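Top to bottom, those sequences are chains A and B. Okay, so the first sequence: first residue is 468 according to the working numbering, each after it adds one. Okay, so the second sequence: first residue is 43 according to the working numbering, each after it adds one. Every residue gets a Cβ at the ideal spot worked out from N, C-alpha and C, and that includes glycine. Model, not experiment: these values are computed from the prediction. Below is one structure; the comments refer to it alone.
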Amino acid sequence: AQSVTQLGSHVSVSEGALVLLRCNYSSSVPPYLFWYVQYPNQGLQLLLKYTSAATLVKGINGFEAEFKKSETSFHLTKPSAHMSDAAEYFCAVSRKNSGYSTLTFGKGTMLLVSP
Amino acid sequence: GAGVSQSPSNKVTEKGKDVELRCDPISGHTALYWYRQSLGQGLEFLIYFQGNSAPDKSGLPSDRFSAERTGGSVSTLTIQRTQQEDSAVYLCASSLVASGGRDTQYFGPGTRLTVL
């Protein structure tokens with residue numbers, strides 16, 4: 468069975484600082500991994516996904532994530548935080564079934580950005 | 043193009059009443075998913091549709107929950123005899139195909155259900 472652990476329910480950074488949101492996964496098979504962002508009162512928007520191609524994945528809004536099999540991690544980073552990055556971020560692993568998949572999400576990390 | 047839409051955006055109901063939540067997926071998307079987002083449980087998978095059939099209902103929490111999809115498009119999630127623990131945001135997602143894990147699921151804005 469697949470599972471995801473996000474370390475830190477809240478992360479606070481200053482505008483312009485590095486953003487690092489941690490995600491570790493557990494999977495018995497090579498995983499597909501996703502990062503989604505949720506702004507207040509909105510649905511989830513895909514930031515990026517890893518599907519076994521390049522281990523460094525670039526997404527929207529300057530975010531990127533690196534798949535590290537040895538560490539079972541898929542941490543999300545952005546070199547310089549912007550006020551508009553304040554939102555909740557979810558890491559997810561795809562649970563594979565016969566011909567389809569469903570997502571198993573972490574508990575989420577709220578990113579707070581201060582001026 | 044238009045994204046996934048859900049209605050109503052907010053629903054307040056009394057304990058014991060039935061509610062219906064609607065999802066309009068992106069046109070042409072064959073796969074449709076329902077998830078529930080609650081404070082205590084986070085985001086949980088409820089049910090998956092491929093076309094009009096639901097091969098995976100494993101996430102439905104009780105037999106009070108049911109869902110259908112008609113014409114390979116609109117889906118309705120029905121909760122009968124609502125309980126306070128059903129209060130949550132219900133999210134719908136769709137994807138073009140169900141390609142064994144690679145497909146991107148596009149989410150709607152959700153329906154916030156409050157059971158008094």
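- Under the Cβ criterion of 9 Å, phenylalanine 107/B is not counted among the residues facing chain A.
- By the Cβ criterion, the region 53-61 of chain B is not in contact with the region 491-499 of chain A, since fewer than three pairs of Cβ atoms, one from each stretch, lie closer than 8 Å.
- Only residues of its own chain outside the window of five on either side were considered, and among them Leu579 have a CB closer than 6 Å to the CB of serine 479/A, listed in chain order.
- Counting the other CB atoms within 10 Å of its CB gives alanine 554/A a total of 16 or more, which places it among the buried residues.
- Relative to the Cα of leucine 88/B, the nearest Cα in the group Leu81/B, Asn94/B and Leu74/B belongs to Leu74/B.
- DSSP, read as helix, strand or coil, puts glutamine 509/A in coil.
- Contact residues of the region 468-494 of chain A toward chain B are absent (C-beta to C-beta distance below 8 Å).
- Exclusion of the five residues before and after threonine 539/A leaves Asn491 and Tyr492 as the residues of its chain whose Cβ lies within less than 6 Å of its Cβ.
- Rounded to whole angstroms, the separation of the alpha carbons of glycine 152/B and leucine 511/A is 9 Å.
- Counted as a single uninterrupted DSSP element, the beta strand (DSSP E) harbouring phenylalanine 572/A occupies residues 568-572.
- Of the other Cβ atoms in all chains shown, 16 or more fall within 10 Å of the Cβ of arginine 562/A; this residue is therefore buried.
- Scanning chain A for C-beta atoms nearer than 8 Å to the C-beta of proline 151/B yields Asn508, Gln509 and Gly510, reported in chain order.
- A contact is defined here as three or more CB-CB pairs under 8 Å, and the region 63-71 of chain B meets this definition with respect to the region 128-140 of chain B.
- Look at asparagine 528/A here: in three-state DSSP terms it is helix.
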